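Colleague: Protein chains in written order, with this note's numbering: chain A, 450 to 729; chain B, -16 to 284; chain C, 18 to 268.
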Amino acid sequence: MNRRRIEEIIFRTLMFLATMLMGGVLILILIAIFRNGLPSLTWEMLTQPPKGGYYFGREGGIANAILGSLYLSLGAVALALIIALPVALFLNIHMKNYERWVNIIRFLMDTLWGIPSIVYGAFAFMIMIALGMKASLLAGIVTVALFILPIMIRSMDEVIRGVPDGLLEAGLSLGANRTEVAFLIFIRQCSTGFVTAILLALGRAIGDAAAVIFTAGFSDRIPTSIHQPAATLPLAIFFQLNSPIEEVKNRAYASAVVLTFLVLIISILSRYLSKKLKNH
Amino acid sequence: MNLKVLIKIFRKTRDYLTQGWMIAGLAIVILLPFAIGAGLYIKSHNILVQHSFWDLVGSTDWKPLSGKFGLYPFILSSLWITLIAILIALPIALLSAIHLTTYAKPWVLRWVHPLIDILAGLPSVIYGIWGVIAVVPFVQQIAEFMGYKVSGYSILAAGIVLAIMIIPFILNILIEIFRSIPIELTEVTLSLGATRWQTIKKVILRKALPGIISATGLGISRAFGETIAVLMVAGNVVKIPSGIFQPGYPLPALLINNYGEMLSIPLYDSALMLAAFMLMLIVLFFNVLGRYTIVRFEKRM
Amino acid sequence: MNTAIRIRNLNLYIHNHHILKNINVEIPANKLTVIIGPSGCGKTTLLKALNRLTDLSPDIDISGQIFIGEEDILHTNRDITEIRKQMGLLAQRPFPLPMSIFKNVAFGLKIGGRRNKNILAKRVEYYLKEVNLWDEVKDRLHQPASRLSIGQQQRLCLARGLAVDPKIILADEPTSALDPISTQAIEQKFAELKKNYTIVMVTHILRQARQIADYIIFMHMGEVVEHGPAEQVLNNPKEEKTKMYLQGVFY
Chain A
450 MNRRRIEEII FRTLMFLATM LMGGVLILIL IAIFRNGLPS LTWEMLTQPP KGGYYFGREG
510 GIANAILGSL YLSLGAVALA LIIALPVALF LNIHMKNYER WVNIIRFLMD TLWGIPSIVY
570 GAFAFMIMIA LGMKASLLAG IVTVALFILP IMIRSMDEVI RGVPDGLLEA GLSLGANRTE
630 VAFLIFIRQC STGFVTAILL ALGRAIGDAA AVIFTAGFSD RIPTSIHQPA ATLPLAIFFQ
690 LNSPIEEVKN RAYASAVVLT FLVLIISILS RYLSKKLKNH
Chain B
-16 MNLKVLIKIF RKTRDYLTQG WMIAGLAIVI LLPFAIGAGL YIKSHNILVQ HSFWDLVGST
44 DWKPLSGKFG LYPFILSSLW ITLIAILIAL PIALLSAIHL TTYAKPWVLR WVHPLIDILA
104 GLPSVIYGIW GVIAVVPFVQ QIAEFMGYKV SGYSILAAGI VLAIMIIPFI LNILIEIFRS
164 IPIELTEVTL SLGATRWQTI KKVILRKALP GIISATGLGI SRAFGETIAV LMVAGNVVKI
224 PSGIFQPGYP LPALLINNYG EMLSIPLYDS ALMLAAFMLM LIVLFFNVLG RYTIVRFEKR
284 M
Chain C
18 MNTAIRIRNL NLYIHNHHIL KNINVEIPAN KLTVIIGPSG CGKTTLLKAL NRLTDLSPDI
78 DISGQIFIGE EDILHTNRDI TEIRKQMGLL AQRPFPLPMS IFKNVAFGLK IGGRRNKNIL
138 AKRVEYYLKE VNLWDEVKDR LHQPASRLSI GQQQRLCLAR GLAVDPKIIL ADEPTSALDP
198 ISTQAIEQKF AELKKNYTIV MVTHILRQAR QIADYIIFMH MGEVVEHGPA EQVLNNPKEE
258 KTKMYLQGVF Y
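(1) Can you list, in chain order, the residues of its chain whose CB lies under 7 Å from that of A631/A, leaving out five sequence neighbours each side?
(2) Can you find a CB in chain B that lies within less than 7 Å of the CB of G86/C?
(3) Can you give me the start and stop residues for the alpha helix (DSSP H) that E248/C sits inside?
(4) May I ask you to list, following chain order, the residues of the region 165 to 178 of chain B that have a beta carbon less than 8 Å from some beta carbon of chain C?
(5) If you follow the beta strand (DSSP E) that I36/C is part of, which residue opens it and which one closes it?
(6) Since A646/A and M601/A are thought to touch, with beta carbons under 8 Å apart, how far apart are those beta carbons, to the nearest angstrom?
(7) Enumerated in chain order, which unbroken segments of the alpha helix (DSSP H) with a length of 4 residues or greater are wholly contained in the region 625 to 711 of chain A?
(8) Which residues in chain B sit within 7 Å of I128/C, going by Cβ to Cβ distance?
(9) Below 7 Å on C-beta distance, what does L124/C contact in chain B?
(10) Would P75/C pass as an interface residue toward chain B - the criterion being a Cβ-Cβ separation below 7 Å?
(11) Name, going along the chain, the residues of the region 267 to 279 of chain B whose beta-carbon falls closer than 9 Å to a beta-carbon of chain A.
(12) If you reduce the DSSP assignment to three classes, tell me which class R274/B lands in.
(13) Could you tell me which of I125/B, A126/B, L105/B, M148/B sits nearest to A206/B, measuring between CA atoms?
(14) Using C-beta distances below 6 Å, list every residue in its chain close to I85/C, excluding the 5 sequence neighbours before and after it, in chain order.
(15) Going straight from the alpha carbon of I185/C to that of Y232/C, what length do you get?
(16) Tell me, to the nearest whole angstrom, how far the beta carbon of R279/B is from that of D559/A; I am working on the premise that it is less than 8 Å.
(17) Alpha carbon to alpha carbon, what distance is there between A146/B and I69/B?
(18) Which residue spans inside the region 119 to 151 of chain B form an unbroken alpha helix (DSSP H) run of at least 4?
(19) Hey, which unbroken runs of the alpha helix (DSSP H) at 4 residues or more fall wholly within the region 482 to 513 of chain A?
(20) Can you tell me whether R549/A is buried or exposed? The criterion is at least 16 other CB atoms within 10 Å of its CB, across all chains shown.
(21) In chain order, what residues of the region 174 to 185 of chain C put their CB closer than 9 Å to some CB of chain B?
(22) Flag this pair as touching only if the region 169 to 176 of chain B and the region 108 to 128 of chain C have three or more C-beta atom pairs under 8 Å; answer yes or no.
(23) Are three or more beta carbon pairs between the region 526 to 538 of chain A and the region 594 to 608 of chain A nearer than 8 Å?
(24) Could you give the distance in angstroms between the alpha-carbon of L105/B and the alpha-carbon of F121/B?
(25) Is there a Cβ from chain A that is less than 7 Å from the Cβ of L78/B?
(26) When DSSP labels each residue in this structure, what does N28/C get in the three-state scheme?
(27) Going straight from the alpha carbon of G81/C to that of I40/C, what length do you get?
(28) Need the endpoints of the alpha helix (DSSP H) that I203/C sits in, please.
(29) May I ask you to report which of helix, strand or coil DSSP gives K51/B?
(30) Would you please verify whether the beta carbon of H82/B is less than 7 Å from any beta carbon of chain A?
(31) Can you tell which of P498/A, K725/A, D614/A, I482/A has the C-alpha that lies nearest to the C-alpha of Y110/B?
(32) Starting from Q82/C and walking both ways along the beta strand (DSSP E), at which residues does that stretch end?
(33) Using the beta-carbon of each residue, which ones in chain B are nearer than 7 Å to N94/C?
(34) By DSSP's criteria, R23/C is part of a beta bridge. Which residues make up the other side?
(35) Taking a contact to mean a Cβ-Cβ separation below 7 Å, would you say K120/C touches V181/C in this structure?
(36) Give the range of the alpha helix (DSSP H) segment to which D606/A is assigned.
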């Protein structure tokens, strides 16, 4: 009897600690990043591209990487959206009576979601070599778009699945065809959920480094066309951290603050939206 | 032609065009995994013509300049790091998931959920930086305490960072699993005279077992393909790690560090593509395993 | 009349919703008591309060007394598992434990500390016979219980509950998931079991109440409107609400 009690108490304590660890780790990570990064974060860093010798500790900033990351992730999200939105609608509206096939496609996309981004990067680079293309913003955008495609489709798919069956029937009985029901009714009905899905994909896109290292290249200049190579924040952090110079390392931490900040904003925004969605 | 007919034609055309667009998108998505697989296979075929697959996988000799492409150290490093990560992550996620779905008050879950989401959304480079700032020195101190003189960049450091990265991922799945187990199962077990903990240990965990296996599979597949964070803390020395405090060189790190350079060396890119192909196959294996068990689990509920 | 359960001034709130309103009722021993009432009237909650399964939900506030014999189970120092063991629970649909048929029945005994294999085997056989399941399963005792049909599963769940030797059986619409033949089997079993057990059953099927109830508690909107011997409540209800319910004005 007593042994039972003791065992339960031990495990309950362990469980409690495990849960505390979840919150604790997030705080530890944020503290570590901000404490190391904030002191080196300057206005110049945010607004200037690197000047000569930036990576040896001279003047300049990471404006090229911040803008590069924004261009790249926004471009990739826009491109992915053009494919993801119709596919998600198609699966739920046009293929409504082919449950089996839809489930197979879902399984395929869940699997696709699992392929690491480095594999996408390697694959895209292979194609680029075959086509004789050089690393560019465009190539990066396409690669990242393919990489976030399954994420976006599956999250939108889940949103649409939550819509009651009656809506499709109601729309059809008004004389609309399926395409019109999809684009005129469902998009409106699911808009908040779609925005959350887009933000989720945006967070993935902005934080990824492995898919862009070969494809988008790296450049100290702010790209002015999609055919130029572009720097991205995660890579800027990575390269600066590899420097033996203390000051450059500190700038890596400062850049990490910027990236963390961007991702937190996206995260909180999508949280806020999905909460609003629930209150509907 | 009157207006009505025009509108009808317009709607028909619009319907056809949009459906074409939808089907094209679907085709892209469905063909993508096969295209990736085929592409990587064709590229790695070049090296497989000259060396047997098992020679490449089993050899420890990595000297691209003299045409030796032994992948064994990289595969083994990846396996070690993944194993350490899952050994740390699974118990923590499991304990926490049970706590959140049984003992904890509902408001705790309401607070923890956003934390999990934020953790899951942090970019891997941020985890990498944290690893460099906090985990590597921590591992170094532990090693020193145990009498080893090392840098701290090691498969243990990589395993810890990776564990923290996959905990939110596994935890989210486990919470869903435990929530899908009907409360009545707990009720009937309690009414047989079991304590809360006995109920969890003997009935709930058993019921959730397929789900736990599935979460583990998905966690492994996530961990195996993780690149940047691991690359930053693993040390990247081409050697079979002889202990957890020793550096390792995982497969994704091999790819990212070498691909795109020195492509003039014969078969070098082919060897790397083989590495990418294997990476994809291993990840997909665990992923499909996990997804499959979870589908079976949901059917039984 | 011997009283098995005495409920005094029982009030129960979930999230400040008043679910059970000042319940005062006696449940007779060795009789089959049926709680009837429209859905959402609180009958299942009342049943769960008897077993203190209401402890599971942190949002529930409960006050009043529930006496089983002389003991107020809401305010006792005795181990909660001991209290629950006095009562077997049969849920709306069968919930076999994720283990073999044998282990399902032996579960309560093992938890209670019985390990002797011979005794366990004998007890399992005894209780499986008690619910008329033995002949159907004796050759596959070590197969997963989930392979049985729903009707067999529910009888297994009854055997499992009886095996911990309770005094009281709590049943929450135990036949609602079953086919007519299995339903009949359970109903007949209950009629036999009430010689040795006090049975409290929730149902929304009036036919069932008419057929097997000795004593009836009619609930509406969280209150006990009327309770008494089945004969009297069903044929000569005192309260207007009971009359309306029996006539099918509301369900």
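A virtual CB, placed ideally from N, CA and C, is assigned to each residue, including glycine.
Treat the numbers as computed from the prediction; the structure is a model and nothing was measured.
Modeller: Looking at the atomic coordinates:
(1) Along the first sequence, read from residue 1 onward, the residue named residue 631/A stands at position 182. Excluding sequence neighbours, A631/A sits near L538, I542.
(2) As a first step, residue 86/C must be located in the third sequence, where it is residue number 69. Answer no: the Cβ-Cβ gap between G86/C and chain B never drops below 7 Å.
(3) For the purposes of this step, residue 248/C is taken as the residue at position 231 of the third sequence. Where E248/C is concerned, the enclosing alpha helix (DSSP H) stretches over 247 to 252.
(4) Under the 8 Å Cβ criterion, the region 165 to 178 of chain B contributes P165, I166, E167, L168, T169, E170, V171, T172, L173, S174, L175, G176, A177, T178.
(5) Start at 1 with the first residue of the third sequence, and residue 36/C comes out as number 19. Residues 34 to 45.
(6) In the first sequence, residue 646/A corresponds to position 197, counting from 1. In the first sequence, residue 601/A corresponds to position 152, counting from 1. The C-beta separation of A646/A from M601/A comes to about 6 Å, placing the pair in contact by the 8 Å criterion.
(7) Qualifying alpha helix (DSSP H) stretches, in chain order: 636 to 656, 682 to 690.
(8) Looking up residue 128/C in the third sequence gives position 111. Those within 7 Å of I128/C in chain B are L175, G176, A177, Q181.
(9) Position 107 of the third sequence, counted from the first residue, corresponds to residue 124/C. As written in the sequence, residue 124/C is Phe, which differs from the Leu given in the question. Going along chain B in sequence order, the residues near F124/C (Cβ under 7 Å) are L175.
(10) For the purposes of this step, residue 75/C is taken as the residue at position 58 of the third sequence. By the rule that beta-carbons nearer than 7 Å mark a contact, P75/C touches chain B.
(11) L267, F269, N270, V271, G273, R274, Y275, V278
(12) Taking the first residue of the second sequence as position 1, residue 274/B is located at position 291. Here R274/B sits in helix by DSSP.
(13) Position 223 of the second sequence holds residue 206/B. Selected option, being the one with the closest Cα: M148/B.
(14) Position 68 of the third sequence holds residue 85/C. Excluding residues within five positions, the ones whose Cβ falls inside 6 Å are I22.
(15) Start at 1 with the first residue of the third sequence, and residue 185/C comes out as number 168. Start at 1 with the first residue of the third sequence, and residue 232/C comes out as number 215. Rounded to whole angstroms, I185/C to Y232/C spans 15 Å at the Cα level.
(16) The residue given as residue 279/B occupies position 296 in the second sequence. The residue given as residue 559/A occupies position 110 in the first sequence. About 14 Å separates the beta carbons of R279/B and D559/A, which is beyond the 8 Å limit, so they are not a contact pair.
(17) Numbered from its first residue, the second sequence carries residue 69/B at position 86. Numbered from its first residue, the second sequence carries residue 146/B at position 163. The straight-line gap from Cα to Cα measures roughly 6 Å.
(18) 119 to 128
(19) 492 to 496
(20) The residue you call residue 549/A lines up with position 100 of the first sequence. With fewer than 16 other Cβ atoms inside 10 Å of its own Cβ, R549/A counts as exposed.
(21) C174, R177, G178, A180, V181, P183
(22) yes
(23) yes
(24) Position 122 of the second sequence, counting from 1, holds the residue named residue 105/B. Position 138 of the second sequence, counting from 1, holds the residue named residue 121/B. L105/B and F121/B have their alpha carbons spaced roughly 21 Å apart.
(25) In the second sequence, counting from the first residue as 1, residue 78/B sits at position 95. At least one chain A Cβ lies under 7 Å of L78/B.
(26) Here the question's residue 28/C lines up with position 11 in the third sequence. Reduced to three states, the DSSP call for N28/C is strand.
(27) Taking the first residue of the third sequence as position 1, residue 81/C is located at position 64. Taking the first residue of the third sequence as position 1, residue 40/C is located at position 23. Roughly 9 Å separates the two Cα atoms.
(28) Within the third sequence, the letter at position 186 stands for residue 203/C. Element bounds for I203/C: 197 to 210.
(29) Numbered from its first residue, the second sequence carries residue 51/B at position 68. Here K51/B sits in strand by DSSP.
(30) Within the second sequence, residue 82/B is the residue found at index 99, counting from 1. Chain A contact via Cβ: present.
(31) Working through the second sequence from its first residue, we reach residue 110/B at position 127. Out of P498/A, K725/A, D614/A, I482/A, I482/A has the C-alpha closest to the C-alpha of Y110/B.
(32) Position 65 of the third sequence, counting from 1, holds the residue named residue 82/C. That run of the beta strand (DSSP E) goes 77 to 85.
(33) Here residue 94/C is taken as the residue at index 77 of the third sequence, counted from 1. Simply none; closest approach about 16 Å.
(34) As a first step, residue 23/C must be located in the third sequence, where it is residue number 6. R23/C pairs with E43/C, F84/C.
(35) Your numbering for residue 120/C matches position 103 in the third sequence. Your numbering for residue 181/C matches position 164 in the third sequence. Judged by beta-carbon spacing, V181/C lies beyond the 7 Å limit of K120/C, meaning their Cβ atoms are not closer than that value.
(36) Numbered from its first residue, the first sequence carries residue 606/A at position 157. Counting along the chain, the alpha helix (DSSP H) containing D606/A begins and ends at 586 to 610.
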